[in-house]
């Protein structure tokens, strides 16, 4: 159904965005995921991998900018909340701690006040798209 297509689409996006996987390994993963019926399309993904990665990140930055401008121009009338299980809450907390540690190691003080791609996508349930 629709959920299966979303899962496949998300998995393909994760594979294409992953910088830690070789083109050969990516091709094998895509073949296993989508089969030989659309393998020509998988080849196109490989050829355009760098462009796709750059365009996705550019799109994310544009969405972040638009969201920031929209939030600045409108007053806030309520509290947002997300319902999640205790284990999900702890996993999110652990992920934030790991991200802070990574940023501290990198010395990323320039973006300390800015919202990261990971934070932005996580707000919309798409955090796994960014390494």
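Residue numbers (the working numbering): 371 to 501.
Ideal placement from N, C-alpha and C gives every residue a C-beta, glycine not left out.
Given the structure is predicted, the values throughout are model-derived calculations rather than measurements.
Go through its chain and collect everything with a Cβ distance to residue i's Cβ below 8 Å, but skip five positions before and after it.
i	result
residue 453	none
residue 353	Nothing can be reported for residue 353, as the shown portion of the chain is limited to 371 through 501.
Which same chain residues, not among the five before or five after residue i, have their C-beta less than 6 Å away from its C-beta?
i	result
residue 480	With a pLDDT of only 46 at residue 480, under the threshold of 50, the placement of this residue in the model should not be trusted; the figure read from the coordinates follows. Excluding residues within five positions, none has a Cβ falling inside 6 Å.
For the alpha helix (DSSP H) containing residue i, list its first residue and its last residue.
i	result
residue 406	Residue 406 -> no alpha helix (DSSP H), and no H or E assigned at all.
residue 430	419-443
Below 8 Å on the Cβ atoms is my contact criterion, and I expect residue i with residue j to pass it. Report the Cβ-Cβ distance as a whole number of Å.
i	j	result
residue 412	residue 400	4 Å
residue 416	residue 393	6 Å
Less than 7 Å separating the beta-carbons of residue i and residue j?
i	j	result
residue 381	residue 403	yes
residue 424	residue 387	no
Should residue i be flagged as near chain B, meaning a C-beta pair shorter than 7 Å?
i	result
residue 416	Looking for chain B here will not work: only one protein chain is present.
Leaving aside the five residues before and after residue i along the sequence, list all residues of the same chain whose C-beta is less than 7 Å from its C-beta, in chain order.
i	result
residue 483	In this prediction, residue 483 has a pLDDT of 46, which is less than 50 and means its spatial position is unreliable; what the coordinates show is noted afterwards. Closer than 7 Å at the Cβ level, and outside the excluded window around residue 483, lies no residue.
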